[in-house]
Amino acid sequence: MSDPSAGTAFGGIVRRDLRLAARRKSEPLFALGFFVLVASLFPLGLGPEPELLRRIAPGVLWVAALLASMLSLGRMFAADYDDGTLEQMALAPVPLMASVGGKIAAHWLVSGLPLVLVSPLLALQYGLPADAIAQLMLSLLIGTPALSLVGAIGAALTLGVRAGGVLVALLVLPLYVPTLIFGAGAVDARLAGLSAAPNLSLLGACMILALVFAPLAAATAIRIALE
Amino acid sequence: MDAGLIRWFRYASPQSFYPLAGRMLPWFASLAALSAAAGLWVAFFVAPTDAQQGESYRIIFVHVPASWMSMFLYVVMAGWAGLGLAFSTRLSAMMAHAIAPTGAMFAFLSLWSGALWGRPTWGAYWVWDARLTSELVLFFLYLGYMALHAAIDDPRRGDRAAAVLALVGVINVPIIHFSVQWWNTLHQGASVSLTRAPSMAATMLAGMLVMAFAFWMYSITAALIRVRAIMLEREAHMQWARDLREAAA
Numbered sequence: 001m002s003d004p005s006a007g008t009a010f011g012g013i014v015r016r017d018l019r020l021a022a023r024r025k026s027e028p029l030f031a032l033g034f035f036v037l038v039a040s041l042f043p044l045g046l047g048p049e050p051e052l053l054r055r056i057a058p059g060v061l062w063v064a065a066l067l068a069s070m071l072s073l074g075r076m077f078a079a080d081y082d083d084g085t086l087e088q089m090a091l092a093p094v095p096l097m098a099s100v101g102g103k104i105a106a107h108w109l110v111s112g113l114p115l116v117l118v119s120p121l122l123a124l125q126y127g128l129p130a131d132a133i134a135q136l137m138l139s140l141l142i143g144t145p146a147l148s149l150v151g152a153i154g155a156a157l158t159l160g161v162r163a164g165g166v167l168v169a170l171l172v173l174p175l176y177v178p179t180l181i182f183g184a185g186a187v188d189a190r191l192a193g194l195s196a197a198p199n200l201s202l203l204g205a206c207m208i209l210a211l212v213f214a215p216l217a218a219a220t221a222i223r224i225a226l227e
Numbered sequence: 001m002d003a004g005l006i007r008w009f010r011y012a013s014p015q016s017f018y019p020l021a022g023r024m025l026p027w028f029a030s031l032a033a034l035s036a037a038a039g040l041w042v043a044f045f046v047a048p049t050d051a052q053q054g055e056s057y058r059i060i061f062v063h064v065p066a067s068w069m070s071m072f073l074y075v076v077m078a079g080w081a082g083l084g085l086a087f088s089t090r091l092s093a094m095m096a097h098a099i100a101p102t103g104a105m106f107a108f109l110s111l112w113s114g115a116l117w118g119r120p121t122w123g124a125y126w127v128w129d130a131r132l133t134s135e136l137v138l139f140f141l142y143l144g145y146m147a148l149h150a151a152i153d154d155p156r157r158g159d160r161a162a163a164v165l166a167l168v169g170v171i172n173v174p175i176i177h178f179s180v181q182w183w184n185t186l187h188q189g190a191s192v193s194l195t196r197a198p199s200m201a202a203t204m205l206a207g208m209l210v211m212a213f214a215f216w217m218y219s220i221t222a223a224l225i226r227v228r229a230i231m232l233e234r235e236a237h238m239q240w241a242r243d244l245r246e247a248a249a
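For the protein sequence lines, the chains are D and E, in the order given.
Letter 41 of the first sequence, counting from 1, is numbered 41 in my numbering, and no numbers are missing.
Letter 88 of the second sequence, counting from 1, is numbered 88 in my numbering, and no numbers are missing.
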């Protein structure tokens, strides 16, 4: 048997993680439920004036998506770390970065993509116009992979650490700032009648930068955790 | 090998750096005290009262150097952390660990003094100005670094994990800064600006630079004291630390 390539490792891990998520049906839905719930709490706290809600919608929906994506970070590596799978991945004759990339991609498919798909419903609740909803979906589509990528670094660094769940929030939230600003900024710009393109381009730049560095940093962090 | 080179590498081991740090400490400490005294004297007695801001502007003698140091120390810390990660040198990681609390203190001092200055000048303790916001994020990055290090029981593993975080942070600091700056101009315009007075009296600038020098010296002093404590704590089982204990007893 020839050595598996990085590509097959990546694809295999994505398929495996998706199958695992499909068999634990409820868990992937937690993040989605959290997203919907947080977004519904804001009108209850702030009052139902449509004008106010429309104005805060981009920021609120983006913050809710960001927190929902962060909450599911604990799942990314923890189970594989506990049962030794991660160690086997590190020992495998493919770069650990490829396996880590597969896990990040699976995390996004399970807990990032559903947020993108549900966001129009929440945006309608906030009374956003159709073109702003399209911008919101587009910005989430570009931004949530960046959240998963940056989050993977935090998840890998807190493997086997006491109170890892709280710590990961402290580590990751400051790093989420640019994504939040450009993501919510794109929708804001559209609401103000401006082009969303500059914000979306910068968001894309953040995502690409994360795509280049995050798997490397996460793989390094995993090797440190496995020592 | 070059004899000079060996001499320098000698100090990469805690055993030989500990006494060297002890010898350097009084120098840096007294330089810090002297220049702080000189800087404060200029700040309070020599520098003229500002035409627009009155006496309250004098807080910049603490505020601006503190902001500089908080940013600079993060880069220094990440540099030591990166060295430690790349070459597995014990002392580099200890230095990074020793610098972090001082950097966090300066970030906090910068935010705190900024708030005290903002109240009389802007009429608010806090505005979502780009620099304030990115300084706040920087403060959180320091806290994250220290929290991660503290949460990992094995100090060597903690060093390496925190080093990865510091390097990720150092790539992110400029991105965060520019994103916040851009967000700020989009949201509230240039109604408040920290950069309103380009022409600054020479004595003001001199006072600020002297204070910046004092903060540098203070940072080195604090880092050296802390790194000596870390070295003793981590290497308490080593022979040199035992000898030291016996000599002190």
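Backbone N, C-alpha and C fix where the C-beta goes; we use that ideal spot for every residue, glycine too.
Computed from a prediction, not measured in an experiment: that's the story for all the values here.
Quick one, are the C-beta atoms of M69 (chain E) and F215 (chain E) less than 9 Å apart? Contact: yes.
What did DSSP end up calling D243 (chain E) once you bin it into helix, strand or coil? It is helical.
Between L157 (chain D) and chain E, is there a C-beta pair that is closer than 9 Å? Nearest CB-CB separation between L157 (chain D) and chain E: below the 9 Å threshold.
Beta carbon of M76 (chain D) nearer than 9 Å to that of L216 (chain D): No, these two residues do not count as a Cβ contact at 9 Å.
Given 8 Å as the limit, is there contact between the region 171-181 of chain D and the region 55-73 of chain D, that is, 3 or more CB pairs closer than that? Touching, yes, given that three or more Cβ pairs across the two stretches are closer than 8 Å.
Taking T220 (chain D) as the query, report the chain E residues whose CB atoms sit under 7 Å from its CB, ordered along the chain. Neighbourhood of T220 (chain D) in chain E, by CB distance below 7 Å: V164, in chain order.
Hey, is V177 (chain D)'s beta-carbon within less than 9 Å of any beta-carbon in chain E? Among the CB atoms of chain E, one or more fall inside 9 Å of the CB of V177 (chain D).
Using a Cβ cut-off of 9 Å (strictly closer), state whether F35 (chain D) contacts chain E. Between F35 (chain D) and chain E, the shortest Cβ-Cβ separation is not below 9 Å.
Touch test, the region 76-88 of chain D against the region 116-125 of chain D, Cβ-Cβ under 8 Å, three pairs minimum: With the cut-off at 8 Å, the region 76-88 of chain D and the region 116-125 of chain D do not touch.
What residues in its chain sit with their C-beta under 6 Å from that of I225 (chain E), if we drop five residues either side in the sequence? If we look at I225 (chain E) and ignore the five residues flanking it on each side, it has no Cβ neighbours.
For G54 (chain E), three-class secondary structure by DSSP: In the structure shown, the three-state DSSP call for G54 (chain E) is strand.
Exposure label - L111 (chain E); buried when at least 16 CB within 10 Å: With 16 or more other Cβ atoms within 10 Å, it is buried.
Inspect the beta-carbon positions of M231 (chain E) and G39 (chain E) and report whether they are closer than 9 Å. Judged by beta-carbon spacing, G39 (chain E) lies beyond the 9 Å limit of M231 (chain E), meaning their Cβ atoms are not closer than that value.
Per DSSP, what kind of secondary structure is R234 (chain E) in: helix, strand or coil? Of the three classes helix, strand and coil, the one that applies to R234 (chain E) here is helix, per DSSP.
Any residues in the region 44-63 of chain D with a beta carbon nearer than 7 Å to a beta carbon of chain E? Which ones, in chain order? Under the 7 Å Cβ criterion, the region 44-63 of chain D contributes no residue.
Would you report the Cα separation of F10 (chain D) and R23 (chain D), rounded to the nearest angstrom? When rounded, the distance between both Cα atoms is 20 Å.
Less than 6 Å between C-beta atoms, sequence neighbours within five positions excluded: which residues of the same chain meet that for Q15 (chain E)? Short of 6 Å from the beta carbon of Q15 (chain E), and not among the five residues preceding or following it, lie these beta carbons of its own chain, in chain order: W240.
Does DSSP put V127 (chain E) in a helix, in a strand, or in coil? Taken through DSSP and simplified to helix, strand or coil, V127 (chain E) comes out as coil.
When the cut-off is 9 Å and only beta carbons count, does V75 (chain E) lie next to chain D? For V75 (chain E), the answer is no, since every Cβ of chain D falls outside 9 Å of its Cβ.
Might you give, ordered along the chain, the residues of its own chain that have their beta carbon closer than 7 Å to the beta carbon of A32 (chain E), omitting 5 neighbours on each side? Apart from the 5 residues on each side of it in sequence, A32 (chain E) sits with its Cβ closer than 7 Å to the Cβ of A214, M217, Y218, T221 in its chain, given in chain order.
So, L203 (chain D) versus G112 (chain D), is the Cβ gap smaller than 9 Å? For L203 (chain D) and G112 (chain D), no; Cβs fall outside 9 Å.
Write down the C-beta distance between A164 (chain D) and T158 (chain D) rounded to the nearest angstrom, noting that I regard them as a contact closer than 8 Å. The amino acid occupying residue 164 (chain D) in the given sequence is Gly; Ala does not appear at that position. Between T158 (chain D) and G164 (chain D) the Cβ distance is about 4 Å, and since that is below 8 Å, they are a contact.
DSSP state of G193 (chain D) mapped onto helix, strand, coil: The answer is coil: DSSP assigns G193 (chain D) none of H, G, I, E or B.
Verify the CB distance criterion: does P174 (chain D) have a CB-CB separation below 9 Å to chain E? Closer than 9 Å to some Cβ of chain E, the Cβ of P174 (chain D) qualifies, so yes.
For F106 (chain E), return the contacting residues in chain D, with the cut-off set at a CB-CB distance below 7 Å. Near F106 (chain E) there are no residues of chain D at all, since even the closest Cβ is about 17 Å away, more than 7 Å.
Indicate whether at least one CB of chain D lies closer than 9 Å to the CB of L232 (chain E). Taking 9 Å as the threshold, the shortest C-beta distance from L232 (chain E) to chain D does not fall below it.
Run the CB neighbour count on Q52 (chain E), radius 10 Å, all protein chains shown included, and call it buried at 16 or more, exposed below. Exposed is the call here.
Measuring straight from C-alpha to C-alpha, what distance separates D50 (chain E) and G169 (chain E)? C-alpha of D50 (chain E) to C-alpha of G169 (chain E): approximately 37 Å in a straight line.
Among D:I224, D:P198, D:A210, the one whose alpha carbon lies nearest that of A146 (chain D): Restricting attention to D:I224, D:P198, D:A210, the CA atom closest to the CA of A146 (chain D) is found in D:A210.
Does DSSP put P198 (chain E) in a helix, in a strand, or in coil? Note on P198 (chain E): pLDDT 48, under 50, position unreliable in the model; the coordinate value appears next. DSSP places P198 (chain E) in coil when its eight states are reduced to three.
Spatial neighbours of T133 (chain E) within its chain, please: CB distance less than 6 Å, with the 5 preceding and 5 following residues excluded, ordered by chain position. V180.
Proximal residues of chain D, C-beta to C-beta of F87 (chain E) below 9 Å: Within chain D, no residue comes near F87 (chain E); the closest Cβ sits about 15 Å away, beyond 9 Å.
Would a check of beta-carbon distances place F213 (chain E) closer than 9 Å to chain D? Between F213 (chain E) and chain D, the shortest Cβ-Cβ separation is not below 9 Å.
Thinking just about the alpha-carbon of each residue, which of E:A43, E:I59, E:A21, E:R234 is nearest to the one in V210 (chain E)? Shortest Cα-Cα distance from V210 (chain E) to any of E:A43, E:I59, E:A21, E:R234 involves E:A43.
Could you check if E51 (chain D) is buried or exposed, using at least 16 other CB atoms within 10 Å of its CB as the buried criterion? Flag for E51 (chain D) reads exposed.
Using only the alpha-carbon positions, how far apart do V137 (chain E) and S99 (chain D) sit? The alpha-carbon atoms of V137 (chain E) and S99 (chain D) are separated by roughly 31 Å.
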